[in-house]
Structures are given as C-alpha cells and as structure tokens.
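Note that numbering that gives the first Met the number 0 numbers the sequence shown so that position 151 is 150, with each residue one more than the last. Notes follow once the structure below has been shown.
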Amino acid sequence: MPAKEDTWAFQPIGAPFPDNPVRVPGQQNMYIALWYKHDGSDESIMAIFGANNQENSGPEIGSMQMLTVPDASNMGLEYSWMTKAAGASGGWSVVHVGNAAPVIVVDEKGCEYVGNLDMAKDKASIGYGGKEKVNDPPNSFRSVTVQSVVH
Numbered sequence: 000m001p002a003k004e005d006t007w008a009f010q011p012i013g014a015p016f017p018d019n020p021v022r023v024p025g026q027q028n029m030y031i032a033l034w035y036k037h038d039g040s041d042e043s044i045m046a047i048f049g050a051n052n053q054e055n056s057g058p059e060i061g062s063m064q065m066l067t068v069p070d071a072s073n074m075g076l077e078y079s080w081m082t083k084a085a086g087a088s089g090g091w092s093v094v095h096v097g098n099a100a101p102v103i104v105v106d107e108k109g110c111e112y113v114g115n116l117d118m119a120k121d122k123a124s125i126g127y128g129g130k131e132k133v134n135d136p137p138n139s140f141r142s143v144t145v146q147s148v149v150h
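Structural data, given as structure tokens:
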C-alpha cells in the first residue's frame with residue numbers, strides 16, 4: 000500500500016479542533032499548524048506568528064492549515080522533529096504548505112517555541128512581544144519532517 004499524503008485541515012480562527020491534530024512533542028496544548036496556539040479558555044483555534052517584522056494574532060488572520068493524520072498504523076507516514084541537515088541525509092522531506100513550514104525555534108535562553116520557516120528565505124521566526132523575532136543563527140531550529148514508510 001503506498002504512503003498517503005499529509006492531511007492539512009483548513010481551519011478558520013475560532014473554529015473547533017479538527018479530528019486527529021498532530022501534537023508538538025512535549026507540549027500539551029500545541030499542535031502542528033503553521034503558527035498554532037491552543038486557547039485553553041474555549042478550546043478554539045488561535046494563532047500567533049511572526050511575519051513582516053510584526054507579531055500577528057487574532058481573528059484578523061483569517062484561516063490556517065492544521066496538520067492532521069488518521070490512525071498512524073495505516074497512514075504509511077512517520078513524523079519527526081530534526082534539523083534540516085539530518086533530515087536530508089536520512090531521506091526525510093520537510094512538511095510544508097507553499098514556502099511555510101512549522102519549526103521549533105530555540106531562543107538565546109534555550110527556550111523552545113513553535114514558529115515558521117520561510118523556506119524561500121531559509122528564515123525561521125516566531126511572533127513574540129508584538130514583533131517578529133527572527134532565529135539567529137538560522138540553523139539553530141528543528142523542522143518537522145515526513146518520511147514515507149513502505150509496509
């Protein structure tokens with residue numbers, strides 16, 4: 000059976016959760032959604048991300064793509080967080096929509112945040128303190144990747 004494609008649920012801000020969202024490792028209320036933050040007050044989708052030198056959040060964002068998967072036992076795909084270099088050498092492909100890919104960004108204090116990788120510019124950033132905070136050095140992030148697994 001060939002591996003299936005990633006499934007991205009089109010989710011307007013404030014919508015209920017889709018079925019089977021993919022969690023960020025070690026985080027209780029974070030999911031892979033290209034700039035996703037779970038709003039614990041009403042269990043609806045909220046987003047915060049950095050772009051164009053500013054932090055963007057709230058319903059004015061519109062909608063986002065949220066990564067979802069069916070039962071992993073019949074999916075044919077395996078997800079993992081790793082550096083782009085490690086993924087490329089192991090035959091993994093970066094999960095993305097257009098030029099945007101979800102990443103875990105590590106700041107100067109060693110704290111980890113879910114952010115965005117602009118694949119065209121090889122720039123990782125997060126929305127923080129009202130601004131877009133660009134990851135520096137640019138290779139100190141781990142991107143989510145996908146690999147086909149033949150059954």
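Even glycine gets a Cβ: it sits at the ideal position worked out from N, Cα and C.
In the same chain as residue 87, and ignoring 5 residues on each side of it, no C-beta atom comes closer than 7 Å to its own. In the structure shown, residue 49 adopts extended strand secondary structure according to DSSP, grouped into three states. If you ignore the 5 residues before and after residue 123, its C-beta comes within less than 6 Å of the C-beta of 102, 104, 114, 116, 134, 140, all in its own chain and listed in chain order.
Separation of residue 118 and residue 77 (C-alpha to C-alpha, rounded to the nearest whole angstrom) is 21 Å. Nearest Cα to residue 112 within the set 15, 49, 89, 79: 49. Cβ-Cβ separation between residue 54 and residue 109: approximately 21 Å, too far for a contact (criterion under 8 Å). Note on residue 131: 16 or more other CB atoms within 10 angstroms of its CB, so buried under the neighbour-count rule. Annotation: the continuous alpha helix (DSSP H) that includes residue 86 extends over 83-88. Scanning 21, 16, 129 for the CA closest to the CA of residue 94 turns up 21.
For residue 133, the enclosing beta strand (DSSP E) stretches over residues 130-133.
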